[in-house]
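Undergrad: Just so you know, we're using this note's numbering here: the sequence shown kicks off at 45 and counts up by one.
Ideal Cβ positions, reconstructed from N, Cα and C, are used throughout, including at glycine.
Shown below is the structure under consideration.
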Amino acid sequence: MKKILFALYIVVILCMGIATLVEKYQGTEYVASHIYGSWWFSALWALLTAVAVAWFVSRKVKRISVVLLHLSFVVILLGALLTHLTATQGMMHLRVGETTRQYITQGEPHDSVSLPFSVRLEKFTTRYHEGTRAASDYISTLTLLHGDQRVKETVSMNKILSFHNIRFYQSSFDEDLRGSYLAVNSDPYGIPVTYTGYALLFISLLWMLADPRGAYRKIIRNVGKMGKDGPDRENQSEHRPANPATFRRLAALAAVIVLVVMAVIGIKKGHSEKPTAHVLPQETAAEFGKLAILYNDRICPLQTFALDFTKKLYGKRSYRGLSAEQVLTGFIFWGEEWSREPIIKTKGAVRAQWQLPKYCSVNTFFNEDMGGYILGPDLQEYYQGNNDKYHQELAKTDDKLSLIMQLRQGKPLKIFPFKGVWYSPTDKKPADMEPERHEYMTNIFALLYQDALTGNYSEMNEALHKMQKYQRTFGGNTLPSSTKVKAERIYNRLPIATILFMVNLTMAFLSMLFIRPKWNWVKLPVLLLSFLALTFCLSLRWIISGNIPMSNGYETMLLMAWIVMLVSLLTFRRFAIIIPFGFLLSGFFLLVSHISQMDPQITHLMPVLSSPLLTFHVSIIMAAYALLSVTFICGVTGIMKKGDKGTLSPLYLLSQLFLYPALACLGFGIFIGAIWANVSWGTYWSWDPKETWALITFMVYGISVHTKALPWLARPRSYHLFMILAFLTILMTYFGVNFFLGGMHSYA
C-alpha cells in the first residue's frame, strides 16, 4: 500500500508540473477543461486521498497533532470537491442605469443563469492616487432589488458584496467608465468546508512545532545537547595559537571590503575622462533634482527620474564622474552636444549585428546614407512578431533613444501642478487655466535655457527655487510629505543593496576560510552591520511607497536576504557555520535582485494588491523560501564533505531545525494566499502556475519529514541529496513562473 501511495503522490505532482508547461503553449482554457477540470484529474486526487487515509489508519497513529494535520488536508480536498460539484461562478456585465437578473457562467458552454433578485448599476468610479492617473480602487455602486427590498451597496477591490448567499466581486470595467464587470459566485457548501480545513491546517502546523512529544521538539532537544558551538565543536582548536598567516588573511579581508565599497560608490579612480558636452555645475543640477515630478504614476523628486534615466541609458548611476542630474539636464539644455556622447549601452546581439562599440552616441543610430534611423527596418520586424533575442535587444535600444527624443520635447517633465493634475511644458493646458500661469509653464524653460547658455547659474538657481516654491504652493495634497521626500533622496544617494551584495558575497568566501567560532568576532559585526543597512534600505522603501516592501520581485529578494541574515544572527551561537551560510545566501539574493528582469523602481500597488492578507501571504512565503534556502546550503555542504560523518550529522540536524518552521510558513503562506484570492477574485484556487508550483513545493518538501515511512531520509547523505533536488521546485516557483510560465502572479 505504501508503494501505491507514493506512486500516486508522485504522479499527482508530475501531472501538476506538466500541466503548467502545457498551459504555457496551449493556454489557460485548455488546461482548465482538459486537465484541472477533467474527471480523471479529480479521480486521481480522490484515489490518492483514499489510499492515504487507508494507509494512515493502518499505521494506527495516535498523536493528535499528526492526525489533525493529515485530517486537514482531507477536509480541504473535500471542500474543493464540493466547490467543483456544487458551486456556480460567472460574470455579469452592467451599464450605468441598467438592471438585470442574468449572469453568464464560466466554462463550456456559457449558460445564462437567473438570480433570485435584480441588480442595477448606479455608477462606476475609479479612484486615483493623488495627482496621478494610477488607480487606487475601482468601485461599483449597486442597487439590489428583491421583492419590496431595495438595498444600495458598493463593490470594490478586496470588498465583497454578499446578498442572499450570492457574492459579487469587482472584476473589470468598460473603457468609457460607464460599465462594470462583476464576478458572481455561489458556493454555500464548498467554502465553509474548505475554510474549516484551512483552520485545522493552521492549528496543526503550529501544534507540530509546539508539541512537546513531536519530532520538532526532539530536534530542538538534540540541538541543545550539541553544546554551544554546534557542528564545529568536533573540529575546534580553541587553544591553538593563531599564526601570522591568519592575521594576513584578516588584513586581506579588510582590504577586500574597502576595495569593494570604493568600487561600488565610485571613490576609486577611473572617472577622470570628462565628457566634451556642456553640463550644469553640480550645485545647480542638484537644485534641479529637488523639483517634484509626476513619474511612474507617482509624485517624486526629479532626482529619481534622473537616476532611472541615466541607468537606463548607461547602465550606471552616473556618467564619467557626472551625477545623474547633470546627465539629465545636459540632454535638456545641450541636446545636440549630448547626442554625440557615447552614453547608450548596447547589448551583445545588437552590437554584433551592427558592429557597434559597447557605448554609442545617439547620432550613431542616425545615418542619412542608410536611410535615416538605422534600426527602423529591423524594428518593424519586431512589431510584426519577430521576438528573438536580437529583436528584443533592439526594442530595448529603441526605448532608450525614444526616451531621449521625448525628453528633448519636454514630454516627461510633468512638473507643473494645476488643480490636482501635473503638466509638462509642452502639454495642452486646460481652458480654465489663468493666462499668467499658462505663460509661466510654457516659457520658464526658455528662460532656464538662456541662463544655461550664458552661464548665469545664480539666476538659474533663483529660478529653480521659485519653481520649487510654485510646486509647494499649488501642489496641495498631491505632493509627498517632507519625510517621504527626505527618505527618497537618502535612498537615491545610497545604493545600499548594491554595496551589500558585494560585501556579503566577499564575506561568504572569506568566512569559509575562517569557519571556526573564534573568528566570529570579526564576522559577526560585519553581518550585523549588513543586516542593519538592509533594514534601513527596506525602511526607506516602506516610507517612500507607504506599503510594506514586498510588492514585486526586487523587494521580495531584499526581504529574503533580510530574513536570512536575521535567522543567522539569531542562531549563530548554536551553529557557527550559519554565519557563512548567512553571508552566502543573503549575498546571492541581493545579487539576484540586480538581474535585468528585476525592477527596483518604486510604484503604487495595483488595487487588487492593497490587502493586508497580501502582506501576510508574501512575507510568510518569503520566510519559508529563506529557511528552505538554508536547508539547500546545508545539503550542498553535507554532500561536499564526503567522509566527514561528524559534519554530516550536525548539518542534518541544522537542516531539519529550519525545515519544520519552513514547512509551517509555507503552509500558512499558500493557504492565506488562497483566502486572499477568494476575497479578491471569488475563487480560492484557480490552478494558476504560481499556485500550482507553490503546492508542488509544499508537497515535495513534505516528503522530507516522513523519515519513519521513508527510512532512507534518516540517512544524512540521502537526506541532503533530496533537499538539494527539492530546492529546484523553489527555483521553478519563484523564477520559472515569473520569467517563463507567466500567469496572474507574474507581477510578483
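What does a CB cutoff of less than 6 Å around K473 pick up in its chain, not counting 5 residues either side in sequence?
TA: So the list reads H482, once near-sequence residues are dropped.
Undergrad: Verify whether the separation of the beta carbon atoms of L634 and A605 is less than 9 Å.
TA: Yes, Cβ-Cβ distance for L634 and A605 is below 9 Å.
Undergrad: Among N229, P160, L125 and T169, which residue has its Cα nearest to the Cα of S82?
TA: Measuring from the Cα of S82, the nearest candidate turns out to be L125.
Undergrad: Which residues in the same chain as W756 place their Cβ atom closer than 7 Å to its Cβ, once the five residues preceding and following it in sequence are excluded?
TA: Result list for W756: S762, in chain order.
Undergrad: Taking three-plus beta-carbon pairs below 8 Å as touching, is the region 333–350 in contact with the region 393–409?
TA: They do not touch, by the three-pair rule.
Undergrad: Take S86 and list the residues in its own chain whose beta-carbon comes closer than 8 Å to its own, dropping the five residues that flank it on each side.
TA: Hits under 8 Å: L125 and H128.
Undergrad: Please check the pair F212 and V199, which I expect to be a contact at CB under 8 Å, by giving their CB distance rounded to whole angstroms.
TA: About 5 Å; that satisfies the 8 Å criterion.
Undergrad: Using beta-carbon positions only, say whether S180 and H173 come within less than 9 Å of one another.
TA: Yes.
Undergrad: When the Cβ atoms of the region 160–178 are set against those of the region 325–334, are three or more pairs found closer than 8 Å?
TA: No contact exists between the region 160–178 and the region 325–334.
Undergrad: Apart from the five residues just before and just after L698, which ones in its own chain have a Cβ nearer than 6 Å to its Cβ?
TA: Hits under 6 Å: F619 and C678.
Undergrad: Can you list, in chain order, the residues of its chain whose CB lies under 7 Å from that of W99, leaving out five sequence neighbours each side?
TA: These residues qualify, in order along the chain: M45, K46 and L49.
Undergrad: Can you name the start and end residues of the alpha helix (DSSP H) that A19 belongs to?
TA: Shown here, the chain extends from 45 to 792; a query on residue 19 therefore has no answer.
Undergrad: Just tell me which of Q494, L244, I540 and G258 has its CA closest to the CA of G711.
TA: Minimum Cα distance to G711 is reached at L244.
Undergrad: Beta strand (DSSP E) containing K196: first to last residue?
TA: Here the beta strand (DSSP E) through K196 covers Q193 to S200.
Undergrad: Inspect the beta-carbon positions of L571 and L613 and report whether they are closer than 9 Å.
TA: Their beta carbons are under 9 Å apart, which means L571 touches L613 by this criterion.
Undergrad: Name the one or two DSSP bridge partners that L658 has.
TA: Partner(s): none; L658 has no beta bridge.
Undergrad: In the DSSP output, what is C344 paired with across the bridge?
TA: Beta-bridge pairing links C344 to I337.
Undergrad: Per DSSP, L165 forms a beta bridge with which residues?
TA: Per DSSP, L186.
Undergrad: Could you check where the beta strand (DSSP E) with K211 kicks off and where it finishes?
TA: Lys is not the amino acid found at residue 211; the sequence shown has Arg there. Segment I210 to F217, the beta strand (DSSP E) holding R211.
Undergrad: According to DSSP, is R107 helix, strand or coil?
TA: Coil at R107, not helix or strand.
Undergrad: Do I740 and I22 have their beta-carbon atoms positioned less than 9 Å apart in this structure?
TA: Because the chain is modelled from 45 through 792, residue 22 falls outside the range shown and cannot be assessed.
Undergrad: Since Y434 is in the alpha helix (DSSP H), which residue starts that stretch and which ends it?
TA: Unbroken alpha helix (DSSP H) run through Y434: K433 to R452.
Undergrad: Bridge partners for H137 per DSSP, in chain order?
TA: DSSP output for H137 lists Y225 as bridge partner(s).
Undergrad: Among L338, M511 and H509, which one has its Cα closest to the Cα of M464?
TA: Per the sequence shown, residue 464 should be read as Gly rather than Met. When each option's Cα is compared against that of G464, the closest is L338.
Undergrad: Please say whether F575 and Q515 have beta carbons closer to each other than 9 Å?
TA: It is not a contact, given that the beta carbons lie outside the stated cut-off.
Undergrad: What are the boundary residues of the alpha helix (DSSP H) that includes V55?
TA: Counting along the chain, the alpha helix (DSSP H) containing V55 begins and ends at K46 to Q70.
Undergrad: Look up V323 in the DSSP assignment and say whether it is helix, strand or coil.
TA: Three-state DSSP puts V323 in coil, outside helix and strand.
Undergrad: Less than 6 Å between C-beta atoms, sequence neighbours within five positions excluded: which residues of the same chain meet that for W797?
TA: There is no way to answer for residue 797, as the model of the chain reaches only from 45 to 792.
Undergrad: DSSP three-state call for R257: helix, strand or coil?
TA: In this structure, R257 counts as coil in the three-state DSSP scheme.
Undergrad: Does the beta-carbon of D276 have 16 or more other beta-carbons within 10 angstroms, so that it is buried, or is it exposed?
TA: Only weak support exists for where D276 lies, its pLDDT of 45 falling under 50; the value from the coordinates is given anyway. It counts as buried.
Undergrad: At the level of alpha carbons, what is the spacing between L113 and L672?
TA: Approximately 20 Å between the Cα atoms of the pair.
Undergrad: Skipping 5 residues on each side, what residues in its chain have a beta carbon closer than 7 Å to that of S248?
TA: If we look at S248 and ignore the five residues flanking it on each side, its Cβ neighbours are S109, L112, L113 and S116.
Undergrad: Using a threshold of 9 Å, state whether the C-beta atoms of P593 and G682 are closer than that.
TA: Their beta carbons are not under 9 Å apart, which means P593 does not touch G682 by this criterion.
Undergrad: Can you give me the start and stop residues for the beta strand (DSSP E) that P461 sits inside?
TA: F460 to F462 is the span of the beta strand (DSSP E), which, as asked, contains P461.
Undergrad: So, at 7 Å on beta carbons, what are the nonlocal neighbours of F625 in its own chain, with the 5 sequence-adjacent residues on each side left out?
TA: The residues are S612, V674 and I677.
Undergrad: With I587 and A531 assumed to form a contact (beta carbons below 8 Å), what rounded beta-carbon distance in angstroms separates them?
TA: With 8 Å as the limit, I587 and A531 qualify as a contact, their Cβ atoms being about 4 Å apart.
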